[in-house]
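Those protein sequence lines, which keep their order, are chains A and B. Heads up, the first sequence is in our numbering, so the first residue is 1 and it goes up one at a time. Heads up, the second sequence is in our numbering, so the first residue is 1001 and it goes up one at a time. This report concerns only the one structure given below.
Number of protein chains: 2
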Amino acid sequence: MLKIKVTRELVAKKAGVSPSTVSRALSGHPGIPESTAAKIRKISEELGYIPSALGKSYFQKKSFRLGCVIPYKYDNRVRTVPSDYFSKFLYGLMLFAQDKNYSVTVIPDNGLSSKELALKVLSNNVDGLIFLGIRNGDNRFEKLYVEKIPFIFVHHYEPGKPYPYVDTDAEAGMREAMEYIKKQGLSNCMLAGGGESFRNAIDRTFIYKKLIKEFNLHDSGIINGDFSIKSGFFAAKKIAEDSLPEVIFCANDRVACGLIQGLHSLKIRIPQDVKVIGFDDMNVANIISPKLTTIENPFFECGKKAGELILSCILGKKQNSIILPSKLVIRESA
Amino acid sequence: MLKIKVTRELVAKKAGVSPSTVSRALSGHPGIPESTAAKIRKISEELGYIPSALGKSYFQKKSFRLGCVIPYKYDNRVRTVPSDYFSKFLYGLMLFAQDKNYSVTVIPDNGLSSKELALKVLSNNVDGLIFLGIRNGDNRFEKLYVEKIPFIFVHHYEPGKPYPYVDTDAEAGMREAMEYIKKQGLSNCMLAGGGESFRNAIDRTFIYKKLIKEFNLHDSGIINGDFSIKSGFFAAKKIAEDSLPEVIFCANDRVACGLIQGLHSLKIRIPQDVKVIGFDDMNVANIISPKLTTIENPFFECGKKAGELILSCILGKKQNSIILPSKLVIRESA
DNA sequence: CTGAAAGCGCTTACAG
DNA sequence: CTGAAAGCGCTTACAG
C-alpha cells in the first residue's frame, strides 16, 4: 500500500476551504476566524499534513538557518575552539533558535575566503553568520559588510568598526578577583597573558593593568603566551626563575591549566606558594587539582544573545552589540 | 544604484544558450561539451551568478542537510554531552559533510517525541538524523524506523534491531591495556563501571570481565556508576574501604577524573599506590594530574564515519554499521 | 547536444 | 473573511 503524500490541497478539500486558507490558518494569519483555523488544524492533524520547510524557505527566500562558523586547523590533529566554549555556546544558540523556529547550521572554517563566506548567505544556505574564535588581523569582514551579509562576532570585535558583536565584560569579574585578593592582604601579582592574537586577550591584559593600579597592588610583570595550555606551562618556568609573586592571573583557563602543570612540575604548591586565578570557568576548572578559582564567562548566555543579535541583523532591526557580565568563582587555587 | 539579482536567465542570455543549458553546464551534466560548459562557467563567474541552494533543495525535495541530534537537560545548568566528544565528533562530521556539499544542522534534544523527530525529516528540515548520547530504553526509534526516517546511532546500538550505528570497538584498546598491566606483573584489578544506562558502559563492563579471565588476572570487583565525574568520585571512597587493587579501570575519562579526585582526597597516590586507566582520551586526560593513561576513542573519525553512514541511509544505499578501533594511550596514571 | 515546458509547495497581493 | 492566481528558481523528462 502506497502512502499518499498529504498536501495542502487535500487538507483544503476535506475542510471545504481553499489552499490559501489552509496556509493562512496554519501560520496564524489574523484574518482567519479562530473557529475556521481550529477546524483546519484539526483536519491537518488527522490527515498528518506536514508543511514543507523547503517550500516555505523557497518562497520566502530565507533559509531560517543561523550559520555558526567555527575555526579549525587540521595538521596532525584537529584543533578546535576550546570544546566547552564551543558546546556551551552552541547549546545556548540552539535553544534560542529552536524557540524562534530557526535552526543552527555549523560551518567549519579553515580560512574560507570572504567570497566563500558570503556565498553561504547569498546562496541562501544560511541567513546570517556568527563568527567564533576570530583572531586579530583577520581581514575578511570588510567585504562581508560591504555586501551587506548579516554577520556578528562572538568574543571578538574590531575597534572603530561597526560590526556587531557579543562579548563578555571581563572587568566585572576581574574586579571581583582583585577585591578578593586585596581582602586577603595579598599584593604582588603577575599575569600569564594571552598575547596579541585575540582581542579578548588584549583586553584582559589591559584590564589587569588598569585594576592593578586602581587597587594599588604591585605588578611583577606579564608573561605573554597565546591562550594555549602550552603557553601556560612555559609561563610557569619563566615565573619561577625569579621570586614568586603571590598571585598569578591567567588570560584563560587553558593557560591556567598549563601553568598549574608547570608549577607542579617545579614542586611549587598552589595555593600555598602561589595563588592562581583563571578566566572562563571551563569544565576543566572543576576537574583539575587544585580546583581552579576563576572568572566565569557565560558561554551559554552568549549563545542565546548571539542568536538574538544575528536575528536582528537578518531582520534588519537594530543591531546593538551585547556585553555580558563575568563573575568570580572561588574554588581552591586562590 | 540598485544591484540587480543575477539570475540563471541572465547568464543564459549572455551566453546565447537556454537556462536549461546553464543549469546543466553548472552542475556538470555529461551531455554538455566542455567548451560550452567552460564558457558558461566563465560568464556565470563574471556576472556573479549564485545558484540558489533553496531552489535546488526545493526542486529536489532534499535539504542536503545532516541533522545531528544532541541531548541536553536544563535544570539549573545546561547538561551537555561531554564537550570533547561533541566537538571532535562534530568536526569530523562537518568536514565530511563539506566534502559532499552537505551541511550539518544541530538539533537539541531534551526528549523530543518520535513524532517531533520524524517531523525534522518529513518537513525536509534535514535529510536524516544522527543520534548522539542515546541511553538504553529510549523507545523513540521503532516509530522512526517504521516511517523510514533515515537515522543512525553513534556510540549506541540496539541488539537485535536493524538500526545502523557507528561505534567504537572497546576491546582492542582494553586488550592492549590488559597486556600492558600484565607485562608489569600486576594482577589485581577493579572496574569503576558506567552502569546500565549506556550501551557502551555495559559493553565495557562485559569486555572487562571477559579480558580479566582471558588474561588470567584477578578481579576484585566492579563499582557501578553512571559515566559521570561524581560517580567516579564516589567509586574512590568505596574502593578505599577495602584493600586497594593494583589497577582500576574506568568506564570513561569522566569517571577516571572523579576517581582521581576522590583518591587524591583520600591521600592515595597515583600511580604509586594504585594505577588508573581511563577510556575515551578526552582533552582533560592530558590536563589532569597525573596525566591519564587511557584508551583512545576516535571521536573525530566517528564523525566522519557517521556522515558516511547517514548519507548511505539517505541515498538508500547499503547501511552497514561501522565499528572503529580503540587504542591504548600511555601517560602517567598507569 | 540543446530548448521549451512542466512542476516542485508555498505565500501573499489582489480582488471580491 | 476567503479564493484564484502569480511567481519564487530550480531540474529533468521529453522532444527534437
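Don't be surprised by glycine CBs; every beta carbon is placed ideally from N, CA and C.
Task: Rounded C-alpha distance that separates proline 245/A from leucine 263/A - done: For the purposes of this step, residue 245/A is taken as the residue at position 245 of the first sequence. For the purposes of this step, residue 263/A is taken as the residue at position 263 of the first sequence. So the alpha carbons of these two residues sit roughly 13 Å apart.
- [ ] Verify whether the separation of the beta carbon atoms of leucine 1095/B and cysteine 1068/B is less than 9 Å.
- [x] Counted from its first residue, the second sequence places residue 1095/B at position 95. Counted from its first residue, the second sequence places residue 1068/B at position 68. Result no, Cβ atoms of leucine 1095/B and cysteine 1068/B do not sit closer than 9 Å.
Task: Segment contact, 8 Å Cβ cut-off, at least three pairs: the stretch 1164-1179 of chain B with the stretch 1314-1328 of chain B - done: yes
Open item on the list: Beta-carbon within less than 6 Å of leucine 129/A's beta-carbon, same chain only, minus the 5 sequence neighbours each way: which residues are those?
Closed with: Translated into positions along the first sequence, residue 129/A becomes position 129. Excluding positions up to five away in sequence, the list reads Gly67, Val69 and Phe151.
Task: Within chain B, partners of histidine 264/A - CB distance below 8 Å - done: On the first sequence, residue 264/A is found 264 positions in, with the first residue counted as 1. Per Cβ cutoff of 8 Å: Ser1289.
- [ ] Count the C-beta pairs between the stretch 250-266 of chain A and the stretch 49-61 of chain A that are closer than 8 Å, then say yes if the count reaches three, no if not.
- [x] no
Open item on the list: Just to make sure I have the definition right: I need the residues of chain A whose C-beta is within less than 8 Å of the C-beta of cysteine 1257/B. Which are they?
Closed with: Residue numbering aside, residue 1257/B sits at position 257 when the second sequence is read from its first letter. In chain order: Ile287.
Open item on the list: Using beta carbons (cut-off 9 Å, strictly below), is glycine 173/A in contact with chain B?
Closed with: Walking along the first sequence from the start, residue 173/A turns up at place 173. No, because no Cβ of chain B sits closer than 9 Å to the Cβ of glycine 173/A.
TODO: Could you work out which residues of chain B lie near tyrosine 58/A, taking near to mean beta carbons separated by less than 9 Å?
DONE: For the purposes of this step, residue 58/A is taken as the residue at position 58 of the first sequence. Going along chain B in sequence order, the residues near tyrosine 58/A (Cβ under 9 Å) are Ser1052, Leu1054, Gly1055, Ser1057, Tyr1058 and Phe1059.
TODO: Give the straight-line distance between the Cα atoms of valine 1121/B and valine 104/A, rounded to the nearest whole angstrom.
DONE: Sequence index remark: in the second sequence, residue 1121/B carries index 121 (1-based). Sequence index remark: in the first sequence, residue 104/A carries index 104 (1-based). Rounded to whole angstroms, valine 1121/B to valine 104/A spans 15 Å at the Cα level.
Task: Contact set between the stretch 97-116 of chain A and chain B, restricted to residues whose Cβ is under 8 Å from the partner - done: Gln98, Ser103, Val104, Thr105, Val106, Ile107 and Pro108
Task: Contact between the stretch 1279-1290 of chain B and the stretch 1226-1245 of chain B (3+ Cβ pairs under 8 Å) - done: no
- [ ] Thinking aspartate 109/A and tyrosine 72/A are a contact (beta carbons under 8 Å), I'd like their distance in whole angstroms, please.
- [x] Here residue 109/A refers to the residue found at position 109 of the first sequence. Here residue 72/A refers to the residue found at position 72 of the first sequence. Contact holds; Cβ gap of about 7 Å.
Open item on the list: Can you tell me whether arginine 1065/B is helix, strand or coil according to DSSP?
Closed with: In the second sequence, the residue the question calls residue 1065/B occupies position 65. Three-state result, arginine 1065/B: strand.
TODO: Pull up the DSSP beta-bridge partners for phenylalanine 1299/B, would you.
DONE: In the second sequence, counting from the first residue as 1, residue 1299/B sits at position 299. According to DSSP, phenylalanine 1299/B bridges with nothing at all.
TODO: Could you name the residues of the same chain whose beta carbon sits closer than 7 Å to that of serine 326/A, not counting the 5 residues immediately before and after it, in chain order?
DONE: Sequence index remark: in the first sequence, residue 326/A carries index 326 (1-based). Within the same chain, serine 326/A has close Cβ partners Thr168, Asp169, Ala170, Ala172, Gly173, Ile295, Glu296 and Asn297.
Open item on the list: Rounding to the nearest angstrom, what Cα-Cα distance links cysteine 1250/B and glycine 1303/B in this structure?
Closed with: Stepping through the second sequence from its first residue, residue 1250/B is reached at position 250. Stepping through the second sequence from its first residue, residue 1303/B is reached at position 303. Cα-Cα distance, rounded: 24 Å.
Task: Proximity of isoleucine 1043/B and lysine 1014/B at Cβ, strictly below 9 Å - done: For this step, residue 1043/B is matched to residue 43 along the second sequence. For this step, residue 1014/B is matched to residue 14 along the second sequence. Yes, the pair counts as a contact, with Cβ atoms nearer than the cut-off.
- [ ] Check whether the Cβ of phenylalanine 1131/B lies closer than 9 Å to any Cβ atom in chain A.
- [x] To locate residue 1131/B, count along the second sequence from 1; it is residue 131. Cβ-Cβ to chain A under 9 Å: no for phenylalanine 1131/B.
Task: Candidates Ile1270/B, Gly1221/B and Val1106/B, of which the one nearest phenylalanine 1089/B by Cα - done: Here the question's residue 1089/B lines up with position 89 in the second sequence. Comparing Cα positions, the closest option is Val1106/B.
TODO: Mind listing the chain A neighbours of asparagine 1125/B? Cutoff is C-beta to C-beta under 8 Å, in chain order.
DONE: Locating residue 1125/B in the second sequence gives position 125, counting from the first residue. Those are Ala53 and Ser103, listed as they occur along chain A.
Task: Whole-angstrom C-beta distance between valine 126/A and alanine 380/A, which should lie under 8 Å - done: No statement about residue 380/A is possible, as the shown extent of chain A runs from 1 to 334 and does not include it.
Task: Reduced DSSP category for asparagine 188/A - H, G, I as helix; E, B as strand; rest coil - done: On the first sequence, position 188 is the one that residue 188/A refers to. Looking at asparagine 188/A - three-state DSSP - the assignment turns out to be strand.
Task: CB contact below 9 Å: arginine 65/A versus chain B - done: Against the first sequence, residue 65/A aligns to sequence position 65. Closer than 9 Å to some Cβ of chain B, the Cβ of arginine 65/A qualifies, so yes.
Task: Interface flag, methionine 1/A vs chain B, CB-CB below 9 Å - done: Sequence index remark: in the first sequence, residue 1/A carries index 1 (1-based). Residue placement at methionine 1/A is flagged as unreliable, the pLDDT there being 33, under the threshold of 50; a coordinate-derived value is accordingly withheld.
Open item on the list: With H, G and I counted as helix, E and B as strand and the rest as coil, what does DSSP make of threonine 1168/B?
Closed with: As a position in the second sequence, residue 1168/B is number 168, starting the count at 1. The three-state secondary structure of threonine 1168/B, taken from DSSP, is strand.
- [ ] Look at the alpha carbon of proline 19/A and the alpha carbon of arginine 1008/B, and state the distance between them as a whole number of angstroms.
- [x] Numbered from its first residue, the first sequence carries residue 19/A at position 19. Numbered from its first residue, the second sequence carries residue 1008/B at position 8. Straight-line Cα distance between these residues: approximately 30 Å.
Task: Host alpha helix (DSSP H) of threonine 105/A (start-end) - done: Translated into the one-based positions of the first sequence, residue 105/A becomes position 105. First-last for threonine 105/A: 103-109, but that is the beta strand (DSSP E), not the alpha helix (DSSP H).
Open item on the list: Going by C-alpha to C-alpha distance, which of Glu1147/B, Arg1199/B and Gly1278/B sits closest to isoleucine 1330/B?
Closed with: In the second sequence, residue 1330/B corresponds to position 330, counting from 1. Measuring from the Cα of isoleucine 1330/B, the nearest candidate turns out to be Gly1278/B.
Task: Residue-chain proximity (asparagine 397/A, chain B), Cβ-Cβ < 9 Å - done: The question about residue 397/A has no answer, for chain A in this structure spans 1 to 334.
Task: DSSP-derived helix/strand/coil call for leucine 122/A - done: Taking the first residue of the first sequence as 1, we reach residue 122/A at position 122. Correct three-state label for leucine 122/A: helix.
Open item on the list: Among the candidates Ile1149/B, Asp1280/B and Met1190/B, whose CA atom is the shortest distance from the CA of isoleucine 1314/B?
Closed with: As a working note, residue 1314/B is residue 314 in the second sequence. Selected option, being the one with the closest Cα: Ile1149/B.
Open item on the list: Let's test the definition: count the other Cβ atoms within 10 Å of the Cβ of phenylalanine 1198/B and tell me whether it reaches 16, buried, or not, exposed.
Closed with: Within the second sequence, numbered from 1, the residue matching residue 1198/B stands at position 198. The residue is buried, with at least 16 neighbouring Cβ atoms inside 10 Å.
Open item on the list: Taking its Cβ as the centre, do 16 or more other Cβ atoms sit within 10 Å of lysine 1275/B, making it buried, or is it exposed?
Closed with: In the second sequence, the residue the question calls residue 1275/B occupies position 275. Buried is the call here.
TODO: Please go through the stretch 135-159 of chain A and give each complete alpha helix (DSSP H) segment of 4 or more residues, from N-terminal end onward.
DONE: Here the runs fully enclosed are 141-146.
TODO: Take the Cβ of aspartate 84/A as the centre, count every other Cβ of all protein chains shown within 10 Å, and call the residue buried at 16 or more, exposed below.
DONE: Here residue 84/A refers to the residue found at position 84 of the first sequence. Under this definition aspartate 84/A is a buried residue.
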